[in-house]
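Notes to accompany the following structure.
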Amino acid sequence: MGTLVAQFVQSHINQCHDGGLFCIMLASSLLRSVHNVLQGIPKHRLVSGFRLALDWTLDELDGIQENDLDWSDHDAIVAVLRGILSAKHVAAVPDAAMAMLVHMFVHHIPWLLEHPTVPPLVRVVVSRPQLPHLTDHMILHHTVLIPGYRHVTHLPLRHVTVALFNVTIRPTTTPTSDIEVTIKVDSGTYHSVMTPSAAGVLQEAELTGWATVATRLQACGVQMVLSQKKIPAFLAARLNDLGIASVERLSIQHLDAVQAVTGAAVLSDWMATDVTAADLGKVDHAYALELGGVEYVALTCDPASHETNEVSYARTRPMSTIKMDCIDDMAFEELNHVLQAAIHVLTNLLVDPSVCAGAGDTERALVRQLRRRAVGLTAVDSRDRAECRGLKRVVDSFVDALERCTLPEQQKGSVMPDVLDSAAVKTSAIVTAVTLVTTLLRVDGVIVAGASSNPK
Numbered sequence: 005m006g007t008l009v010a011q012f013v014q015s016h017i018n019q020c021h022d023g024g025l026f027c028i029m030l031a032s033s034l035l036r037s038v039h040n041v042l043q044g045i046p047k048h049r050l051v052s053g054f055r056l057a058l059d060w061t062l063d064e065l066d067g068i069q070e071n072d073l074d075w076s077d078h079d080a081i082v083a084v085l086r087g088i089l090s091a092k093h094v095a096a097v098p099d100a101a102m103a104m105l106v107h108m109f110v111h112h113i114p115w116l117l118e119h120p121t122v123p124p125l126v127r128v129v130v131s132r133p134q135l136p137h138l139t140d141h142m143i144l145h146h147t148v149l150i151p152g153y154r155h156v157t158h159l160p161l162r163h164v165t166v167a168l169f170n171v172t173i174r175p176t177t178t179p180t181s182d183i184e185v186t187i188k189v190d191s192g193t194y195h196s197v198m199t200p201s202a203a204g205v206l207q208e209a210e211l212t213g214w215a216t217v218a219t220r221l222q223a224c225g226v227q228m229v230l231s232q233k234k235i236p237a238f239l240a241a242r243l244n245d246l247g248i249a250s251v252e253r254l255s256i257q258h259l260d261a262v263q264a265v266t267g268a269a270v271l272s273d274w275m276a277t278d279v280t281a282a283d284l285g286k287v288d289h290a291y292a293l294e295l296g297g298v299e300y301v302a303l304t305c306d307p308a309s310h311e312t313n314e315v316s317y318a319r320t321r322p323m324s325t326i327k328m329d330c331i332d333d334m335a336f337e338e339l340n341h342v343l344q345a346a347i348h349v350l351t352n353l354l355v356d357p358s359v360c361a362g363a364g365d366t367e368r369a370l371v372r373q374l375r376r377r378a379v380g381l382t383a384v385d386s387r388d389r390a391e392c393r394g395l396k397r398v399v400d401s402f403v404d405a406l407e408r409c410t411l412p413e414q415q416k417g418s419v420m421p422d423v424l425d426s427a428a429v430k431t432s433a434i435v436t437a438v439t440l441v442t443t444l445l446r447v448d449g450v451i452v453a454g455a456s457s458n459p460k
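My numbering puts the first residue of the sequence shown at 5, with every later residue one more than the last.
If you want it as structure tokens, here you go:
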């Protein structure tokens with residue numbers, strides 16, 4: 005049963021990225037009602053009552069939802085963000101971050117309108133504040149920050165051509181000889197990493213192959229190499245000698261961000277035999293940046309700032325990096341989650357801009373309308389009165405559960421700032437909660453029926 009509950013809730017969260025708490029609260033409240041005030045009502049009647057309540061709820065939601073979100077209204081967008089973030093107190097998202105998020109999302113809208121099914125590319129990095137309660141948030145457009153870099157020299161760089169690799173393979177298939185080669189490197193930051201292989205030997209053919217790779221990349225005009233895997237020490241040294249900067253062990257989560265900023269194709273052949281100008285990317289500025297004691301390589305490039313070929317330009321897309329202050333890693337994980345949820349919901353609103361009043365207003369309106377409808381749930385025929393009374397009890401319990409889902413400050417009628425919720429998220433949460441409860445009732449009925457038919 006627990007696994008089934010988790011799967012239903014996870015399905016809703018994966019689809020909507022928001023409304024998970026509301027969904028869980030409603031489902032758990034309905035289940036408590038089933039085991040308390042609704043005891044004695046047959047399970048098939050419970051299922052029918054909950055389905056009736058759901059049908060009425062969906063019908064009323066269509067009538068009480070607000071107009072479509074006006075994307076030219078800054079306050080309306082902030083109200084949507086407030087509806088997502090205000091319920092997640094643990095993330096402690098400051099009010100000042102609202103305007104920053106709106107600015108960031110508006111920057112992505114032109115691209116999202118052409119690619120409505122692809123979420124915007126946004127990365128969040130953490131910075132530890134030096135003083136308590138000090139917040140210094142920052143947003144960088146067309147910028148990706150790569151932490152934990154190795155083999156980086158020649159920074160800062162401007163207007164460079166970039167090659168992006170995702171694999172490391174042997175540079176040649178030529179049979180190697182028995183010649184032992186000892187490498188001695190003393191060039192800046194490389195002396196600590198330029199050690200021989202485990203056996204202290206590198207084969208002559210392999211060295212020649214790496215030298216050929218470096219020369220070929222230089223001939224293509226490459227000025228910076230980024231690799232998902234480790235760059236062999238000799239190749240890194242050779243690139244350095246040729247004035248080519250390099251970044252190795254690029255996290256896979258940064259590959260798409262680097263490609264979005266630079267427009268570089270992801271290459272899978274270190275030999276670079278077929279590399280053309282269309283496979284390479286551009287960077288306006290590459291520089292070192294320290295945030296919260298962590299060193300980053302920052303790559304910045306606005307595709308509109310210079311001429312590029314159509315193939316490379318097609319691989320670019322808006323990319324934003326947000327720097328937020330957090331006290332620890334746990335707070336950062338929660339903050340990153342809610343910010344990504346906010347971005348996801350806003351993206352979905354571009355496709356379906358229907359919104360409804362937040363801060364419990366929609367729930368209270370539903371409660372009033374459903375109670376009015378439940379009063380009319382009576383039977384003309386005396387034979388149907390028992391069934392109607394049972395259905396009314398179930399609907400009343402559903403309404404009570406919905407009313408309990410509003411926050412205490414909302415129930416007291418305190419003044420709340422303008423809040424808007426996504427109508428699609430609200431609908432999905434209610435449908436998921438009711439479907440979960442009715443499914444559990446059916447499963448329980450099957451188990452009970454099976455046990456009674458097989459007493460052993």
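Ideal Cβ positions, reconstructed from N, Cα and C, are used throughout, including at glycine. Everything numeric in this text was worked out from a predicted model, so none of it was measured.
Compare the beta carbon distance of residue i and residue j with 8 Å and say whether it is the shorter of the two.
i: V423; j: G380; result: no
i: F336; j: V130; result: yes
i: L254; j: Q232; result: yes
i: V1; j: V251; result: The chain is shown from 5 up to 460; residue 1 falls before or after that span and cannot be answered.
i: L374; j: T147; result: no
i: V226; j: L284; result: yes
i: H112; j: P357; result: no
i: V270; j: L168; result: yes
i: L1; j: N170; result: Because the chain here runs from 5 to 460, residue 1 falls outside it and cannot be looked at.
i: L58; j: V403; result: no
i: A433; j: L30; result: yes
When you compare only the Cα positions, how much space is there between residue i and residue j?
i: F238; j: C330; result: 40 Å
i: L105; j: C360; result: 21 Å
i: L395; j: A378; result: 9 Å
i: V72; j: C27; result: The sequence given here places Asp at residue 72; Val does not occur at that position. Looking at the two C-alpha atoms, the distance is approximately 23 Å.
i: L159; j: E367; result: 56 Å
i: V435; j: L243; result: 58 Å
i: V546; j: F109; result: Outside the shown range of the chain (5 to 460) lies residue 546, about which nothing can therefore be said.
i: G296; j: T219; result: 38 Å
i: K47; j: A318; result: 57 Å
i: K286; j: C305; result: 7 Å
i: E64; j: R372; result: 10 Å
i: A203; j: L125; result: With a pLDDT of 40 at A203, under the threshold of 50, the modelled position of this residue cannot be trusted, and the question is left open.
i: W60; j: A101; result: 38 Å
i: L150; j: G213; result: The sequence given here has Ile at residue 150, not Leu. The straight-line gap from Cα to Cα measures roughly 29 Å.
i: L445; j: G364; result: 28 Å
i: S257; j: V41; result: In the sequence as presented, Ser is not what sits at residue 257; that position holds Gln. If you take the alpha carbons of Q257 and V41, they lie about 50 Å apart.
i: R36; j: L117; result: 44 Å
i: I45; j: A427; result: 32 Å
i: V262; j: D288; result: 13 Å
What did DSSP end up calling residue i once you bin it into helix, strand or coil?
i: G23; result: coil
i: E252; result: coil
i: P236; result: coil
i: G297; result: coil
i: A218; result: helix
i: H48; result: helix
i: P151; result: strand
i: D77; result: coil
i: L445; result: helix
i: H258; result: helix
i: G53; result: helix
i: I451; result: Because I451 sits at a pLDDT of 47, beneath the cut-off of 50, its placement in the model cannot be relied upon, and the point is left open.
So residue i and residue j are in contact, right, with Cβ under 8 Å, and what is the actual spacing, rounded?
i: A282; j: V166; result: That pair is no contact at about 13 Å.
i: K327; j: M142; result: 4 Å
i: P123; j: T351; result: 5 Å
i: S76; j: A405; result: 38 Å between Cβ atoms; not a contact.
- Item | Runs of beta strand (DSSP E) lying entirely within the region 355-386, each at least 3 residues, in chain order | 359-361
- Message: Please give me, in chain order, every unbroken run of the beta strand (DSSP E) with length at least 3 that falls completely inside the region 299-349.
- Response: 323-329
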